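Counting from 1 along the sequence shown, just add 11 to a position and that's the residue number in our numbering.
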Amino acid sequence: MPVRNTSSARQQRLGLELRKLREAAGISSTEAGRLLGTSQAQISNIESSRVGVSGDRVRAMAHNYTCADGAFIDALVGMAGERKRGWWEEYRESLPTSLLHLAEIEHYATALRVAQVVTIPGLLQTSEHARAIFREFVPPLKPHELEYRVSHRIKRQEILFRDEPLSYTAIIHEAALRMQFGGPETARAQLTHLLNMGERDNITIAVIPFDGTSFPIAGHGVDYLYGPVTQLDTVQLDTAHGGETLHTTAQVKRYGLTLDRMEEAALTPNASRDLIQQIARST
12 MPVRNTSSAR
22 QQRLGLELRK
32 LREAAGISST
42 EAGRLLGTSQ
52 AQISNIESSR
62 VGVSGDRVRA
72 MAHNYTCADG
82 AFIDALVGMA
92 GERKRGWWEE
102 YRESLPTSLL
112 HLAEIEHYAT
122 ALRVAQVVTI
132 PGLLQTSEHA
142 RAIFREFVPP
152 LKPHELEYRV
162 SHRIKRQEIL
172 FRDEPLSYTA
182 IIHEAALRMQ
192 FGGPETARAQ
202 LTHLLNMGER
212 DNITIAVIPF
222 DGTSFPIAGH
232 GVDYLYGPVT
242 QLDTVQLDTA
252 HGGETLHTTA
262 QVKRYGLTLD
272 RMEEAALTPN
282 ASRDLIQQIA
292 RST
């Protein structure tokens with residue numbers, strides 16, 4: 012296969028997982044190439060996602076690395092083959108690669124759980140609320156850059172409305188509900204939208220109130236994206252310098268436990284809805 016100029020998030024993850032399997036088996040890239048009937052350079056190119064790999068070769072590599080987890084192997088095979096162009100590709104020249112990768116991972120996720128302390132989660136934002144947030148970026152975005160960000164964020168929300176909508180849990184601190192990005196009118200419209208979205212069967216909204224006893228502090232947004240198998244779960248951190256994707260087992264487990272504790276500290280969905288309505292009336 013020819014060398015790629017760019018690789019998708021799934022292609023990069025596939026290469027990473029194949030490298031982890033090889034290293035766990037204690038096999039060098041040179042030996043891996045010999046077992047597969049190819050070169051060490053080809054193994055390195057596959058693992059760095061510079062070239063593609065077929066599903067049959069993925070199965071052969073898993074066999075060579077003595078991986079017996081059938082569900083995991085099937086999931087890796089599903090990530091192999093030709094790259095499928097998603098809607099996010101139209102933004103490749105306009106937005107940071109991390110945003111394209113986030114949209115791709117969300118698209119293929121089996122479920123999504125997020126936590127936000129200061130802002131409403133992106134998949135639950137109105138376009139005006141999102142636009143008001145993007146206006147606060149430092150350094151300021153140019154007008155066309157701002158609109159690309161808004162349209163990309165709204166396009167991402169389609170995963171909540173497709174024929175088989177994504178199961179989505181949003182843990183939101185009361186602070187985010189009281190922030191008035193864009194002014195009172197935009198804030199009220201955002202809260203109303205949040206209430207409407209919470210009525211959907213696939214969406215659960217849980218609010219951590221100010222008078223809660225305690226909760227794990229997270230100064231940035233956390234997205235936990237569930238893969239088809241646990242080994243392919245991904246964490247995306249929304250930081251000031253851009254999105255940061257975590258794959259290692261220890262990191263993913265840590266944030267999963269943090270979200271567990273945050274969800275335990277939150278109100279029930281019904282009590283959360285009551286609080287959102289109360290804040291909306293007073294805004």
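Note that the Cβ used here is the ideal one computed from N, Cα and C, for glycine as well.
Since this is a predicted model, take the numbers as computed values, not measurements.
- Return helix, strand or coil for residue 196, following the three-state DSSP convention. Position 185 of the sequence shown, counting from 1, holds the residue named residue 196. Three-state DSSP puts residue 196 in a helix.
- DSSP state of residue 177 mapped onto helix, strand, coil: As a first step, residue 177 is located in the sequence shown; it is residue number 166 there, counting from the start. DSSP places residue 177 in coil when its eight states are reduced to three.
- Task: Starting from the N-terminal side, write out each stretch of the beta strand (DSSP E) that is 3 residues or longer and does not extend beyond the segment 114–157.
- Result: 122–127
- Message: So for residue 11, helix, strand or coil by DSSP?
- Response: Any property of residue 11 remains undetermined from this structure, which presents the chain solely from 12 to 294.
- Task: Run the CB neighbour count on residue 185, radius 10 Å, all protein chains shown included, and call it buried at 16 or more, exposed below.
- Result: Taking the sequence shown and counting its residues from 1, one reaches residue 185 at position 174. Under this definition residue 185 is a buried residue.
- Note the first and the last residue of the continuous alpha helix (DSSP H) segment covering residue 66. As a working mapping, residue 66 is identified with position 55 in the sequence shown. Note, residue 66: alpha helix (DSSP H), 66–75.
- Query: Taking just the CA atoms, how far does residue 158 sit from residue 288?
  - Reply: Here residue 288 refers to the residue found at position 277 when the sequence shown is read from its first residue. Here residue 158 refers to the residue found at position 147 when the sequence shown is read from its first residue. Approximately 30 Å, taken between the alpha carbons.
- Close-in-space but distant-in-sequence residues of the same chain around residue 182 (CB under 6 Å, 5 per side omitted): Residue mapping note: residue 182 aligns to position 171 of the sequence shown, counting from 1. These residues qualify, in order along the chain: 126, 217, 273, 274, 277.
- Query: Around the Cβ of residue 26, are there at least 16 other Cβ atoms within 10 angstroms (buried) or fewer (exposed)?
  - Reply: Taking the sequence shown and counting its residues from 1, one reaches residue 26 at position 15. Residue 26 is buried by the Cβ-count criterion.
- Query: From 285, 236, 266, 282, pick the residue whose C-alpha is nearest to that of residue 116; which is it?
  - Reply: In the sequence shown, residue 116 corresponds to position 105, counting from 1. It is 236 whose Cα lies nearest to the Cα of residue 116.
- Item | Residues that DSSP places opposite residue 217 in a beta bridge | As a first step, residue 217 is located in the sequence shown; it is residue number 206 there, counting from the start. DSSP output for residue 217 lists 182 as bridge partner(s).
- Are there 16 or more other CB atoms within 10 angstroms of the CB of residue 189, so buried, or fewer, so exposed? Here residue 189 is taken as the residue at index 178 of the sequence shown, counted from 1. Counting Cβ neighbours within 10 Å, residue 189 comes out exposed, since fewer than 16 surround it.
- Task: Could you tell me if residue 192 is buried or exposed, where buried requires 16 or more neighbouring beta carbons within 10 angstroms of its beta carbon?
- Result: Along the sequence shown, read from residue 1 onward, the residue named residue 192 stands at position 181. Residue 192 should be labelled buried.
- Shortest alpha-carbon distance to residue 234 belongs to which of 254, 222, 241, 142? Position 223 of the sequence shown, counting from 1, holds the residue named residue 234. Out of 254, 222, 241, 142, 254 has the C-alpha closest to the C-alpha of residue 234.
- Does the segment 83–95 come close enough to the segment 59–69 that 3 or more CB-CB pairs lie under 8 Å? yes
- Query: Taking C-beta to C-beta, are residue 110 and residue 134 nearer than 9 Å?
  - Reply: For the purposes of this step, residue 110 is identified with residue 99 of the sequence shown, where counting begins at 1. For the purposes of this step, residue 134 is identified with residue 123 of the sequence shown, where counting begins at 1. In this structure, residue 134 does not lie closer than 9 Å to residue 110 by Cβ.
- Task: Could you tell me the distance, in whole angstroms, from the CA atom of residue 118 to the CA atom of residue 208?
- Result: In the sequence shown, residue 118 corresponds to position 107, counting from 1. In the sequence shown, residue 208 corresponds to position 197, counting from 1. When rounded, the distance between both Cα atoms is 19 Å.
- Message: For the pair the segment 128–148 and the segment 192–206, tell me if three or more CB-CB distances fall below 8 Å.
- Response: yes
- Which of the three DSSP states, helix, strand or coil, is assigned to residue 269? Taking the first residue of the sequence shown as position 1, residue 269 is located at position 258. Correct three-state label for residue 269: helix.
- Contact under 9 Å by Cβ, residue 238 with residue 121: Within the sequence shown, numbered from 1, the residue matching residue 238 stands at position 227. Within the sequence shown, numbered from 1, the residue matching residue 121 stands at position 110. Yes, these two residues count as a Cβ contact at 9 Å.
- Item | Beta-ladder partner(s) of residue 232, from DSSP | Counting from 1 along the sequence shown, the entry for residue 232 is found at position 221. The partner list for residue 232 (beta bridge, DSSP) reads 249.
- Task: Look at the alpha carbon of residue 96 and the alpha carbon of residue 244, and state the distance between them as a whole number of angstroms.
- Result: If you number the sequence shown from 1, residue 96 lands on position 85. If you number the sequence shown from 1, residue 244 lands on position 233. One C-alpha to the other measures close to 22 Å.
- Item | Closest residue to residue 74 among 46, 148, 141 (Cα-Cα distance) | Within the sequence shown, numbered from 1, the residue matching residue 74 stands at position 63. Closest option to residue 74, Cα to Cα, is 46.
- Neighbourhood of residue 180 by C-beta, 6 Å cutoff - its chain only, sequence neighbours within 5 removed: Your numbering for residue 180 matches position 169 in the sequence shown. Excluding positions up to five away in sequence, the list reads 124, 215.
- Task: Run through the segment 14–98 for me and flag every whole alpha helix (DSSP H) of 4 or more residues, listed as ranges in chain order.
- Result: 20–35, 40–47, 51–58, 66–75, 81–89
- Sort 258, 241, 240 by Cα distance to residue 7 and report the nearest one. With the chain covering 12 to 294 only, the question about residue 7 has no answer from this structure.
- Could you work out which residue in 17, 35, 77 is closest to residue 56 when comparing CA atoms only? Locating residue 56 in the sequence shown gives position 45, where the first residue counts as 1. Taking only the C-alpha atoms, the option nearest residue 56 is 17.
- Go ahead and pull the three-state DSSP assignment for residue 260. Translated into positions along the sequence shown, residue 260 becomes position 249. Residue 260 falls in the helix class under three-state DSSP.
- Task: Quick one: using the 10 Å Cβ neighbour count with 16 as the cut-off for buried, is residue 22 buried or exposed?
- Result: By one-based count along the sequence shown, residue 22 stands at place 11. Looking at its Cβ environment, which holds 16 or more other Cβ atoms inside 10 Å, residue 22 is buried.
- Please name the residue, chosen from 107, 294, 84, 282, that lies closest to residue 197 on a Cα-to-Cα basis. Sequence index remark: in the sequence shown, residue 197 carries index 186 (1-based). Of 107, 294, 84, 282, the residue nearest in Cα terms is 294.
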